[in-house]
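Participant: One line per chain: the protein sequences are A and B, in this order. Residue 281 is where the first sequence ends in our numbering, and the numbering goes up by one at each step. Residue 426 is where the second sequence ends in our numbering, and the numbering goes up by one at each step. Just so you know, even glycine gets a beta-carbon here, dropped at the ideal spot from N, CA and C.
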Amino acid sequence: NPTRKPKDEL
Amino acid sequence: MNILRLAGDMTHLISVIVLLLKIHSIKSCAGISLKTQELYALVFVSRYLNIFTDFISLYNTIMKLIFLGTSFSIVWYMRYHKIVRRSYDKDQDTFRHYFLVLPCLILALLINERFTFKEIMWTFSLYLEAVAILPQLVLLQRTKNTDNLTVQYIFLLGAYRALYILNWIYRYFTEPDYLHWITWISGLVQTILYGDFFYYYFLSWKNNVKLQLPA
């Protein structure tokens with residue numbers, strides 16, 4: 272999974 | 212960030228403020244489950260391991276610090292504050308932590324997006340958050356005279372999760388590649404656990420009577 276976005280939810 | 216997500220975060224924040232207000236102003240934690248509060252502290256510690264490594268936004272960092280700080284201060288108040296701790300219903304709050312923590316940890320080791328320490332802890336926090344309210348709901352059922360602040364606190368906590376679900380639906384349709392099955396299913400389970408509470412909450416609100424869960 273190369274395009275892993277950072278986890279932005281709390 | 213969309214409005215549903217912001218509303219969810221704010222509801223979560225207000226729920227914590229309501230609880231701290233109760234503890235601060237009336238120096239009482241009657242009806243509040245220490246087990247649930249300790250589980251939340253554990254949830255935030257395991258989830259926010261990335262707080263200093265992955266910078267997302269100032270908002271994100273501040274909110275993480277607030278949730279970490281408030282969850283630990285609530286636990287501290289309930290355990291050690293010389294007046295507050297007297298009001299803790301220890302004999303009623305009997306739910307065992309490890310019945311929830313252990314299965315969540317095992318599940319996180321088995322079902323996760325990536326087998327790394329941070330990822331497993333993050334997944335564990337999602338599973339644990341889903342069930343962390345259970346000791347509180349059990350205590351609520353056992354407590355005869357639940358005060359209004361406790362009921363509002365639990366309601367706001369449930370509302371936060373419901374708003375997050377709406378946020379996920381919105382994001383799914385508006386953002387490409389936005390797919391988080393583990394988060395969604397845990398969040399859905401968490402909200403379903405509130406189903407019964409919500410039902411009696413609205414009933415008590417409609418009939419203008421005090422909320423009491425049937426035994």
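#1: Three or more C-beta pairs under 8 Å: does that hold for the region 267-278 of chain B against the region 360-373 of chain B?
#2: For B:Gly280, which three-state DSSP category applies?
#3: If distances are taken between C-alpha atoms only, which option among B:Ala319, B:Ile228, B:Phe326 and B:Leu318 comes closest to B:Ser284?
#4: Can you find a CB in chain A that lies within less than 8 Å of the CB of B:Trp333?
#5: What whole-angstrom Cβ distance do B:Leu367 and B:Ser226 have, given they're in contact under 8 Å?
#6: Considering only residues of the same chain and omitting the five flanking positions on each side of B:Tyr405, which have a CB-CB separation below 6 Å?
#7: Would you call the region 306-314 of chain B in contact with the region 338-352 of chain B, where contact means no fewer than 3 C-beta pairs closer than 8 Å?
#8: Thinking B:Tyr427 and B:Val362 are a contact (beta carbons under 8 Å), I'd like their distance in whole angstroms, please.
#9: Inspect the beta-carbon positions of B:Leu351 and B:Ile365 and report whether they are closer than 8 Å.
#10: Of all the residues that make up the region 259-275 of chain B, which are near chain A by a beta-carbon distance shorter than 8 Å?
#11: Please classify B:Ser397 as buried or exposed, where buried requires at least 16 neighbouring CB atoms within 10 angstroms.
#12: To the nearest angstrom, how far is it from the Cα of B:Ile294 to the Cα of B:Lys421?
#13: Is it right to say B:Ser236 is buried, meaning 16 or more other beta carbons lie within 10 angstroms of its own, or is it exposed?
Facilitator: Taking the coordinates as given:
#1: no
#2: helix
#3: B:Ile228
#4: yes
#5: 4 Å
#6: Gly369
#7: yes
#8: Since the first and last residues shown for chain B are 212 and 426, residue 427 of chain B lies out of range.
#9: yes
#10: Asn261, Asp265, Ile267, Ser268, Asn271, Met274 and Lys275
#11: buried
#12: 26 Å
#13: exposed
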